[in-house]
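Numbered by my numbering, the letters in the sequence shown go through residues 27 to 183 in order. Glycine residues also receive a C-beta, built at the ideal position from the N, C-alpha and C atoms.
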Amino acid sequence: MKSKLIPLVILLALFCLSVWLPNSCMSSENTTPIKWYSYDDGMARAKETHKKVFLNFYADWCGFCKKMDNGTFKDSAVVDYLQKNFISIKVNSDKQKEIAASYYVRGLPTSWFLADDGEKISSLPRYSPPEELINILKFINTESYQKMKYSDFVKNM
């Protein structure tokens, strides 16, 4: 009797995993994409709403830019935090070279954090995974950068 029950239990466990696993693996993805603005529209919107700006420079050929687009920028925590607290602007550095030059973009991806009036706060000249980017966004949004180092901010979280 026990030998007949073991395959049934294993089959039931596999069925439960097949139903549960796809949902849990996709829980960090968000079906609502980030609302990306053009540079001029985003800067105007930031002034209207008094929100800080998340400015992302990318290029179509950039592998790490694609990795951010397909991972970091689809993470539900990142999307939600950006939507609530920032105006998000995406700039193709190959097509808008003057804007990229004004932010000293030398490598991609590069992200800048700006005050609502366009004042430069800080930059992030590299790929950033979701867990790291959400911490940086909180550091900037709470204006903790005025009081402490990022490493101290992360330790206190």
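Start-to-end residues for the beta strand (DSSP E) that takes in residue i
i      : result
Tyr84  : Lys78 to Tyr84
Ile147 : Lys146 to Leu150
Ser137 : Thr136 to Leu140
Option in the options with minimal Cα separation from residue i
i      : options                          : result
Phe139 : Pro151, Lys100 and Pro156        : Pro151
Cys88  : Gln172, Ile113 and Gly133        : Gly133
Ile60  : Asn82, Tyr176 and Asp143         : Asn82
Ser137 : Ile115, Gln122, Lys121 and Glu74 : Ile115
Gly97  : Ile162, Phe179 and Glu157        : Glu157
Leu163 : Leu108, Trp62 and Met174         : Leu108
Thr58  : Ala103, Leu159 and Asp178        : Ala103
In DSSP terms, what residue i is bridged to
i      : result
Lys116 : Asn82
Element boundaries [alpha helix (DSSP H), containing residue i]
i      : result
Thr75  : Tyr65 to Thr75
Leu108 : Ser102 to Asn111
Phe165 : Pro156 to Asn167
Asp95  : Gly89 to Asn96
Lys175 : No alpha helix (DSSP H) contains Lys175, which DSSP labels as neither H nor E.
Ser170 : From DSSP, Ser170 is part of no alpha helix (DSSP H); its letter is neither H nor E.
Lys123 : Lys123 to Ser128
Whole-Å CB distance - residue i paired with residue j, under 8 angstroms assumed
i      : j      : result
Val117 : Tyr65  : 6 angstroms
Phe90  : Pro135 : 6 angstroms
Ser119 : Tyr84  : 7 angstroms
Ile125 : Ile147 : Rounded, the Cβ-Cβ distance is 17 angstroms, inconsistent with contact.
Contacting residues, own chain, Cβ-Cβ under 7 angstroms from residue i (five flanking each side not counted)
i      : result
Lys93  : Tyr153
Glu145 : none
Leu159 : Thr98 and Val104
Val180 : Asn161
Sequence-distant residues of its chain with Cβ nearer than 6 angstroms to residue i (five each side left out)
i      : result
Ala72  : Val79, Ile113 and Asp142
Gly68  : Ile113 and Ile115
Trp62  : Ser114 and Lys116
Lys121 : none
Lys173 : none
Nonlocal neighbours in the same chain, by C-beta distance under 8 angstroms from residue i, ignoring five residues either side
i      : result
His76  : Asp142
Cys51  : Reliability fails at Cys51, whose pLDDT of 48 lies under 50, so the model's placement of it is uncertain and the value that follows must be treated cautiously. Excluding sequence neighbours, Cys51 sits near nothing in its chain.
Asn49  : Interpretation of Asn49 is limited by its pLDDT of 42, a score under 50 that renders its predicted location unreliable; the figure taken from the coordinates is listed afterwards. Once the five neighbours on either side are set aside, Asn49 has no close Cβ partner at all.
Asn111 : Lys77, Lys78, Leu163 and Asn167
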